[in-house]
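Just so you know, we're using our numbering here: the sequence shown kicks off at 52 and counts up by one. Quick reminder that beta carbons are idealized off the backbone N, C-alpha and C, glycines included.
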Amino acid sequence: MSDPLTELDALPLTRGENLTNLQAHILAEQARHPNASGTLSWILSALSFSGRVISAKVRRARIQSVLGTLDSENVQGETQQKLDVIANETLLRCLGTRAGVAIVASEENEEPIVLRRNHEGERPYVVLFDPLDGSSNIDTGGAVGTIFSVLRYDRRAPEPNASLLQRGAEQVAAGYILYGSSTILVLTTGNGVSMFVLDPSIGSFLLVADQLKIPKTGKIYSCNEGNRLSFPDGYQRYLDWAQQEGYSTRYSGTMVADVHRILLKGGVFLYPPTKKAPEGKLRLLYEGNPMAMIIEQAGGKAFAGPVRLMERVPSAIHQRTSVIMGSPDEVDHVLRHLA
Ligand code: AHG
Ligand code: MN
Ligand code: MN
């Protein structure tokens, strides 16, 4: 009788043809670091779990209220909650059970939440997130996302929150989940960028691209041009130049969706300072840094004005930043006009 295991081994599968889910990918990454305790893997699995839960909620965004009393969840009053609150609670609940998480900070919470000071885990972490990015697009069925950033907890810091105010360059992992026409998770742990698509029929994120590289160029810019007259002059000069060069524009109002498009197709995403938001609108810790890490790990560039975004030293957890990120050549074109 033939041995089924040997038969499987004999299948002519290359690595690219193998079926890999997120869990297997994370464990393979962990195995590359012989001293890894597995703590980070647990945190990433909590983030992926949150992503699956939020995805299910987003997919039912309008149905629950339409179903009314037919829907058992409605009587709990749960459907009355806004999706960004639900997404926030989902992340807090999923991360709260992971022993290796010392502090979580969310765009939705004024203050960070210190989960544990005396953690059993050897190398605890802090996790920061924007639970639902682009939430104003929910009502019209547009794409939304979740963004996360993982930093090491600094035991020696004088007070716990100091661990949150690290440069983006210190991030150990970052990623986002895009709830678009499919649910896509993009992750980096500092060794390139991997992309996974959620297969809802099996409830698993499947690896679709490893060592993803952003195109070097791409004649697309993504910014809220309605604010153009209040952009600093350099950005206006750049937009004049780009339009003369025949660039296209794409802008959805969800940073995750706009940056994801640029990661795959090339181009540049901009959120300049405006009169209304002189520091820029986006949050350095929840939006700027994690998206910048992804873009740089894919071979792109990310700046805040003339400085590398991930070099900015934060002074407050909800600090804002301006953003220029995307294909390396396209970011250079913007910087050239700012000079
Ligand atoms: P959030 O929904 O988390 O508040 O983020 C919205 C952000 C970002 O996703 C998007 O790029 C930007 O705000 C859109 O701002 P404008 O409406 O000013 O263009
Ligand atoms: Mn956001
Ligand atoms: Mn948000």
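- Its chain contains VAL155, SER157, ILE164 as the residues whose beta carbon lies nearer than 8 Å to that of LEU143, once the 5 sequence neighbours on both sides are disregarded; these appear in chain order.
- Non-local beta-carbon contacts of ARG288 in its own chain, meaning distances under 7 Å to residues more than five positions away in sequence, involve HIS388 in chain order.
- In this structure, SER106 has its beta carbon at no less than 7 Å from each heavy atom of ligand 1.
- Annotation: the continuous alpha helix (DSSP H) that includes PHE100 extends over 90 to 110.
- Residue selection by CB proximity (closer than 6 Å to any heavy atom of ligand 2) returns ASP181, ASP184, MET306, GLU338 in chain order.
- In this structure, LEU360 sits near THR372, with a CB-CB distance shorter than 8 Å.
- Contact annotation: GLY351 and ASN188 have beta-carbon atoms that are not nearer than 8 Å.
- With contacts defined by Cβ atoms closer than 8 Å, GLY193 and MET306 do not form a contacting pair.
- A distance below 8 Å between beta-carbons, with the five flanking residues on each side excluded, links VAL364 to the following residues of its chain, in chain order: LEU216, ARG218.
- A direct Cα-Cα distance of roughly 24 Å separates LYS267 from LEU333.
- At least one heavy atom of ligand 3 falls within 7 Å of the beta-carbon of GLU158.
- Taking the CA atoms as reference points, ILE228 sits about 30 Å from ARG206.
- With contacts defined as CB atoms closer than 8 Å, LEU238 and GLY254 fail to qualify as a contacting pair.
- Within a 10 Å sphere around the beta-carbon of GLN262 sit fewer than 16 other beta-carbons, which makes this residue exposed.
- Exposure of LYS133 is indicated by the presence of fewer than 16 other C-beta atoms within 10 angstroms of its C-beta.
- Just so you know, the alpha carbons of LEU280 and SER252 end up roughly 47 Å apart.
- Proximity of the beta carbon of SER187 to ligand 1 is indicated: a heavy atom of the ligand is located closer than 7 Å.
- The beta carbon of ASP380 sits no closer than 7 Å to any heavy atom of ligand 3.
- Looking only at MET376, ILE345, GLN295, GLN294, the smallest Cα-Cα distance to PRO357 is reached by MET376.
- The alpha-carbon separation between VAL201 and TYR337 amounts to approximately 10 Å.
- Between ligand 1 and the CB of GLY304, the shortest heavy atom gap is smaller than 7 Å.
- Taking a cut-off of 8 Å for Cβ pairs, the region 230 to 237 and the region 88 to 107 touch, as three or more such pairs fall below it.
- In the DSSP assignment, ARG168 falls outside any alpha helix (DSSP H), carrying neither H nor E.
- Under the criterion of beta carbons closer than 8 Å, ILE271 and ARG301 qualify as touching, at roughly 6 Å.
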